[in-house]
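Worksheet: the structure to be examined is printed underneath.
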Amino acid sequence: MKEMEAPNRLISSSQGIQSLEIAFSILKCFKEAKAPLSVSELSKRMDMPKNKIHKYLVSFTRVGALIQNKKDSSYAMGPSLIELGLVALQQFDVVKIAKPHIREFSKQINHSVALAIWSEEGPIIAEYERSDKPIQVEIRAGYRFPLLMTALGKCFAAFLPFSQVQPLIQREIDNYQLDEQMVKQELQTIREERVSFRNTLFDGIPGSMSVASPIFDYTGNMVAALCLIGFTGEIDTSPSSIDVLKLKEKANQITNQLT
Numbered sequence: 001m002k003e004m005e006a007p008n009r010l011i012s013s014s015q016g017i018q019s020l021e022i023a024f025s026i027l028k029c030f031k032e033a034k035a036p037l038s039v040s041e042l043s044k045r046m047d048m049p050k051n052k053i054h055k056y057l058v059s060f061t062r063v064g065a066l067i068q069n070k071k072d073s074s075y076a077m078g079p080s081l082i083e084l085g086l087v088a089l090q091q092f093d094v095v096k097i098a099k100p101h102i103r104e105f106s107k108q109i110n111h112s113v114a115l116a117i118w119s120e121e122g123p124i125i126a127e128y129e130r131s132d133k134p135i136q137v138e139i140r141a142g143y144r145f146p147l148l149m150t151a152l153g154k155c156f157a158a159f160l161p162f163s164q165v166q167p168l169i170q171r172e173i174d175n176y177q178l179d180e181q182m183v184k185q186e187l188q189t190i191r192e193e194r195v196s197f198r199n200t201l202f203d204g205i206p207g208s209m210s211v212a213s214p215i216f217d218y219t220g221n222m223v224a225a226l227c228l229i230g231f232t233g234e235i236d237t238s239p240s241s242i243d244v245l246k247l248k249e250k251a252n253q254i255t256n257q258l259t
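With UniProt numbering, you'll find the sequence shown wraps up at 259, consecutive numbering, no jumps.
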């Protein structure tokens, strides 16, 4: 037991760099707020003088970790944090394993293909491979999807533990004025068929749609979803169609590599 505890004691007693720990705490304020923050708001959250907070913000802005809104002088997360986050996402086994599958699959069926993983705020795009079609739905890695209004979101809602997704499900039922019983029935069908559909991906893109299928790890837990994205008429969403069957097959292939 002593040998196992020694490394932890060594880490806890090591001399760290306090300014880095403070800097990370400041960045976490933006994550918790989910909105831009002013110097005054950060000062209250951190219980730190404004002039000290300001020095950190200047450095963060210089390296692109934060950006400043010149109209109200508030700060928000910047492009450097997004880039770092995407690199971190790529280090997950499922993303590494799925990446070559996504490229191959997109070329094979000539549809745009996305891989989503779960975040605290819902499904987030980890990889996106565009098709060669002249007109397509443009999505960037890092984009977060609603839970009940997209195929990807419904997939996670159906297969993740209910306690994990229930607050988000209830919030969207209220926000979108959805029929709770119909939602439950659709999620049960998704569990049975292992595929989810959405005929309107974004309100601003008429006719866009998506189809998603879950990916599981060695424990049997859902860790990602694979999705075809395009427009109505391009993707055949009937349960026995080649598009749907190939999507499920590819998701199963990735699952098999994870197990």
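All C-beta atoms, glycine included, are put in the ideal place defined by N, C-alpha and C.
Remember, predicted model here, so these are calculated numbers, not experimental data.
_Report the CB separation of S196 from A151 in whole angstroms; it is logged as a contact under 8 Å._
The count along the sequence shown starts at 1 and reaches residue 196 at position 196. The count along the sequence shown starts at 1 and reaches residue 151 at position 151. That pair is a contact at about 5 Å.
_Using only the alpha-carbon positions, how far apart do C29 and K70 sit?_
Position 29 of the sequence shown, counted from the first residue, corresponds to residue 29. Position 70 of the sequence shown, counted from the first residue, corresponds to residue 70. Each residue's Cα considered, the two are about 20 Å apart.
*To which residues of the same chain is F60 closer than 8 Å at the C-beta, ignoring the five residues directly before and after it?*
Looking up residue 60 in the sequence shown gives position 60. Contacts found: A23, I26, L27, L66, Y75, G78.
*Exposed or buried, Y128, counting other C-beta atoms within 10 Å across all chains shown (16 or more means buried)?*
Here residue 128 is taken as the residue at index 128 of the sequence shown, counted from 1. Buried, by the Cβ-count rule.
_Residue interval of the alpha helix (DSSP H) (run including S106)_ = The count along the sequence shown starts at 1 and reaches residue 106 at position 106. Residues 93–109.
*Nearest to N110 by CA position, among I215, N256, F216, K246, is which residue?*
On the sequence shown, residue 110 is found 110 positions in, with the first residue counted as 1. Answer by Cα proximity: K246.
_Pair within 8 Å by beta-carbon distance, R198 and S210_ = Counting from one through the sequence shown, the residue named residue 198 turns up at place 198. Counting from one through the sequence shown, the residue named residue 210 turns up at place 210. In contact: R198 and S210 (Cβ atoms closer than 8 Å).
*Does DSSP put residue 260 in a helix, a strand or coil?*
Any question about residue 260 goes unanswered here, given that the chain covers just 1 to 259.
*Only counting runs of 4 or more residues, tell me where the alpha helix (DSSP H) segments fall wholly within the UniProt domain "HTH iclR-type" (17–79), in order along the chain.*
18–33, 39–46, 50–62
*For S73, which option in A98, N51, L37 has the closest C-alpha, if you only look at C-alpha atoms?*
As a position in the sequence shown, residue 73 is number 73, starting the count at 1. Nearest option by C-alpha distance: L37.
*Excluding sequence positions up to five away, which residues of its chain have a Cβ less than 8 Å from the Cβ of V95?*
Taking the sequence shown and counting its residues from 1, the one referred to as residue 95 is at position 95. Excluding sequence neighbours, V95 sits near L89, L115, I117, A126, E127, A224.
*Use the C-beta contact count for H54: other C-beta atoms within 10 angstroms, 16 or more gives buried, fewer gives exposed.*
Position 54 of the sequence shown, counted from the start, is the residue given in the question as residue 54. So H54 counts as exposed.
*Taking Cβ positions, are A158 and I254 nearer each other than 8 Å?*
Here residue 158 is taken as the residue at index 158 of the sequence shown, counted from 1. Here residue 254 is taken as the residue at index 254 of the sequence shown, counted from 1. Taking 8 Å as the Cβ cut-off, A158 and I254 do not qualify as a contacting pair.
*Tell me, which residues are paired with A225 by DSSP?*
If you number the sequence shown from 1, residue 225 lands on position 225. Residue pairing from DSSP places A225 in a beta bridge opposite A116, P214.
*Are the beta-carbon atoms belonging to V39 and K50 less than 8 Å from one another?*
As a working note, residue 39 is residue 39 in the sequence shown. As a working note, residue 50 is residue 50 in the sequence shown. Yes. Within cutoff.
*Is S241 helix, strand or coil by DSSP?*
Mapped onto the sequence shown, residue 241 falls at position 241. Correct three-state label for S241: coil.
_Please state whether the Cβ-Cβ distance between E193 and P239 is less than 8 Å._
On the sequence shown, residue 193 is found 193 positions in, with the first residue counted as 1. On the sequence shown, residue 239 is found 239 positions in, with the first residue counted as 1. Taking 8 Å as the Cβ cut-off, E193 and P239 qualify as a contacting pair.
_Residues of its chain near S80, where Cβ-Cβ distance is below 7 Å and the 5 sequence neighbours each way are ignored_ = If you number the sequence shown from 1, residue 80 lands on position 80. Sequence-distant partners of S80 (beyond 5 residues in either direction) whose C-beta falls short of 7 Å from its own C-beta, in its chain, are V63, G64, A65.
*Quickly, what does DSSP pair T232 with across the bridge? List them, please.*
Mapped onto the sequence shown, residue 232 falls at position 232. Residue pairing by DSSP puts T232 in a beta bridge opposite I235.
_Own chain residues within Cβ distance below 7 Å of L201, not counting five before or after_ = Position 201 of the sequence shown, counted from the start, is the residue given in the question as residue 201. For L201, the predicted model reports a pLDDT of 45, less than 50, meaning its position is unreliable; a value from the coordinates is still stated below. Excluding residues within five positions, the ones whose Cβ falls inside 7 Å are V137, T150, S208, M209, S210, I229.
*Secondary structure of A141, DSSP reduced to three states*: Here residue 141 is taken as the residue at index 141 of the sequence shown, counted from 1. Coil at A141, not helix or strand.
*Straight-line CA distance for C155 to F231?*
As a working mapping, residue 155 is identified with position 155 in the sequence shown. As a working mapping, residue 231 is identified with position 231 in the sequence shown. So the alpha carbons of these two residues sit roughly 19 Å apart.
*Along the chain, where does the alpha helix (DSSP H) that runs through G122 open and close?*
Position 122 of the sequence shown holds residue 122. It is not in any alpha helix (DSSP H) - G122 instead sits in the beta strand (DSSP E) that spans 122–129.
*To the nearest whole angstrom, what separates the beta carbons of S119 and R140, a pair I think is in contact under 8 Å?*
Counted from its first residue, the sequence shown places residue 119 at position 119. Counted from its first residue, the sequence shown places residue 140 at position 140. That pair is no contact at about 15 Å.
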